[in-house]
Amino acid sequence: MKSILVTGGCGFIGSNFIRLQRQLYPDQTVHNVDKLTYAGNPENLADLEGDDRYQFHQLDICDRVAILDLLTSTKPAAILNFAAESHVDRSIIDSGPFVQTNIVGTQVLLDAAREVGISRFVQVSTDEVYGSLGAEGYFTEETPLAPNSPYSASKAAADLLVRSYVHTFDFPAVITRCSNNYGPYQFPEKLIPLFISNAMEDKPLPVYGTGENVRDWIHVLDHCRGIDAALRQGEIGEVYNFGGHHELTNLEMTHILIELLEKSRELITFVKDRPGHDLRYAIDCTKAEQQLSWSPEISFEQGIRDTIAWYQSHTDWVNRIKTGEYLKYIEKQYAGRMKK
Ligand code: NAD
Ligand code: TYD
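Here you go:
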């Protein structure tokens, strides 16, 4: 492919994906469309400044005219839609931006992509569209969609729109659904970077409820390799699940972080649970393993050590985020919860 267009490339996964693309395909041009919301940080790709095969476009994916203009002038072979409002707790405070970006934004991209005749569209979705598991079982691609949070409902709606475009217009899309990512450049509102940066400052680690909720953790670069495989080898209309084969309760994860950071368990603070908190996510990724020859390669033990080391050597990056809007959000989010 001569060029691809990535949306949301200044976020956590998008920035890791763009860096990987530049390494794997040096002759391919990457266009990055990002609105730069609170979660979009151009610093995440500062190392690509001066790279003439990387072009940044500050745009909202909901802006029909601008998106169509850009696709017409750049003619990418593929679009990968990472842009989203991505944090469950924020969707509980206000679902409006989630409906707008995750649903309307996807629809705008789909229509513009149809109009210019794109050859591939990858919708980057999440395992959260399947809802919650009990103690047993795994999500497969056949698991019915049953989203429980405004975030996952908006992602499921986008998946269904993509599905309908494949069915109605022979639109060349694939959908990927991945479990919880960790790694460098993750915004410190999510569990792992929040707990690492709080622990580094000896601040409380707010564990929701009893900490028994289970997540299946995958290193962001393994997810990015999966998306690349879905882009290049995936079959139109298919869904591919990706997971890390590494389930942990939130309390187990908290203990691991505390131990690796050599801090005290006294930092753990049990707080009021997230409303509608999904109990367990766990992915069966047999289909991706068999059909895309993909499997996660980074062991959790190595990946989490590297991630902690990254945050320890990027305190400036974290401190630049931990101002203004971020502090207001954290105060609003945790003030009520701390009272439990
Ligand atoms: P993120 O919040 O770190 O980044 C989102 C990016 O999208 C930001 O750069 C933001 O500026 C941009 N953006 C938001 N609204 C936009 C708009 N209207 N127009 C253009 N750009 C906009 O999110 P992330 O964790 O990198 O997630 C990326 C994608 O992967 C999302 O679609 C998410 O649903 C999906 N996903 C995330 C995980 C995870 O564990 N983080 C797991 C599975 C799937
Ligand atoms: P998060 O990183 O927000 O991802 P998601 O909700 O998409 O899975 O949260 C991961 C888990 O950690 C989830 O079960 C909620 C829990 N959690 C806490 O216990 N405390 C926190 O401060 C945060 C942000 C999350």
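For what it's worth, the working numbering labels the leading residue of the sequence shown as -6, then goes sequentially.
All residues carry an ideal CB built from backbone N, CA and C; glycine is no exception.
For clarity, every value in this text was computed on a predicted model and none was experimentally measured.
- Relative to asparagine 141, the option among Gln48, Phe162, Cys55, Thr119 whose CA is nearest is Thr119.
- Between the C-alpha atoms of lysine 315 and aspartate 20 there is a straight-line separation of about 37 angstroms.
- In the DSSP assignment, histidine 50 falls within the beta strand (DSSP E) that extends over 47 to 51.
- According to DSSP, residue pairing for leucine 126 in a beta bridge involves Arg273.
- Secondary structure in the region 100 to 180: the beta strand (DSSP E) runs of 3 residues or longer, each lying completely within the stretch, are 113 to 119, 166 to 171 in chain order.
- Using a C-beta cut-off of 8 angstroms, the region 157 to 165 makes contact with the region 98 to 116, since at least three inter-stretch Cβ pairs fall below that distance.
- Excluding residues up to 5 positions away in sequence, Gly219, Ala222, Ala223, Gln226, Gly227, Tyr233 lie with their Cβ nearer than 8 angstroms to the Cβ of leucine 285 in the same chain.
- In this chain, isoleucine 96 is not harboured by any beta strand (DSSP E), its DSSP state being neither H nor E.
- If the five residues before and after threonine 133 are omitted, its C-beta is found closer than 8 angstroms to the C-beta atoms of Asn234, Asp277, Thr279, Lys280, all from its own chain and listed in chain order.
- Taking 7 angstroms as the cut-off, the C-beta of tyrosine 201 counts as close to a heavy atom of the ligand TYD.
- In this chain, the alpha helix (DSSP H) harbouring isoleucine 11 covers 5 to 17.
- If you draw a 10 Å sphere on the C-beta of threonine 65, you find fewer than 16 other C-beta atoms in it, and that means exposed.
- With respect to the C-alpha of glycine 176, the residue from Leu(-2), Thr169, Phe5 having the closest C-alpha is Phe5.
- Less than 8 angstroms divides the Cβ of alanine 76 from the Cβ of threonine 94.
- In this structure, valine 23 lies away from valine 58, with their beta-carbon atoms at least 8 angstroms apart.
- CA-to-CA, the gap between leucine 13 and asparagine 25 works out to about 14 angstroms.
- Scanning the region 51 to 88 for uninterrupted alpha helix (DSSP H) segments of 4 residues or longer gives 57 to 67, 81 to 86, listed from N- to C-terminal end.
- Asparagine 25 is bridged by DSSP to Val(-1), Phe49.
- Contact between the region 313 to 332 and the region 250 to 270 is present, with at least three C-beta pairs closer than 8 angstroms.
- Under the criterion of beta carbons closer than 8 angstroms, tyrosine 144 and phenylalanine 91 qualify as touching, at roughly 6 angstroms.
- Residue burial annotation: lysine 148 is buried, with at least 16 other C-beta atoms found within 10 angstroms of its C-beta.
- Measuring C-alpha to C-alpha distances from arginine 15 to each of Lys28, Glu36, Gln48, Asn34 identifies Gln48 as the nearest.
- For valine 81, the shortest separation between its Cβ and any heavy atom of the ligand TYD lies below 7 angstroms.
- Under the three-state reduction of DSSP, aspartate 20 is assigned to coil, being neither helix nor strand.
- Going by DSSP, proline 186 is part of the alpha helix (DSSP H) stretching over 184 to 193.
- Residue environment analysis places histidine 80 among the buried positions, since at least 16 neighbouring C-beta atoms fall within 10 angstroms of its C-beta.
- Excluding its 5 nearest sequence neighbours in each direction, glutamine 100 has C-beta neighbours in its own chain below 7 angstroms: Leu154, listed in chain order.
- Taking a C-beta distance under 8 angstroms as the contact criterion, serine 84 and leucine 272 do not qualify as a contact pair.
- Of Ile229, Gly202, Asp309, Ser(-4), the smallest CA-CA separation from aspartate 45 is found for Ser(-4).
- Burial check for histidine 216: the Cβ neighbour count within 10 Å reaches 16 or more, so the residue is buried.
- The Cβ neighbour count for asparagine 243, taken over all protein chains shown within 10 Å, is at least 16; the residue is labelled buried.
- DSSP lists Val200 as the beta-bridge partner residues of phenylalanine 263.
- If you ignore the 5 residues before and after histidine 248, its C-beta comes within less than 8 angstroms of the C-beta of Arg258, all in its own chain and listed in chain order.
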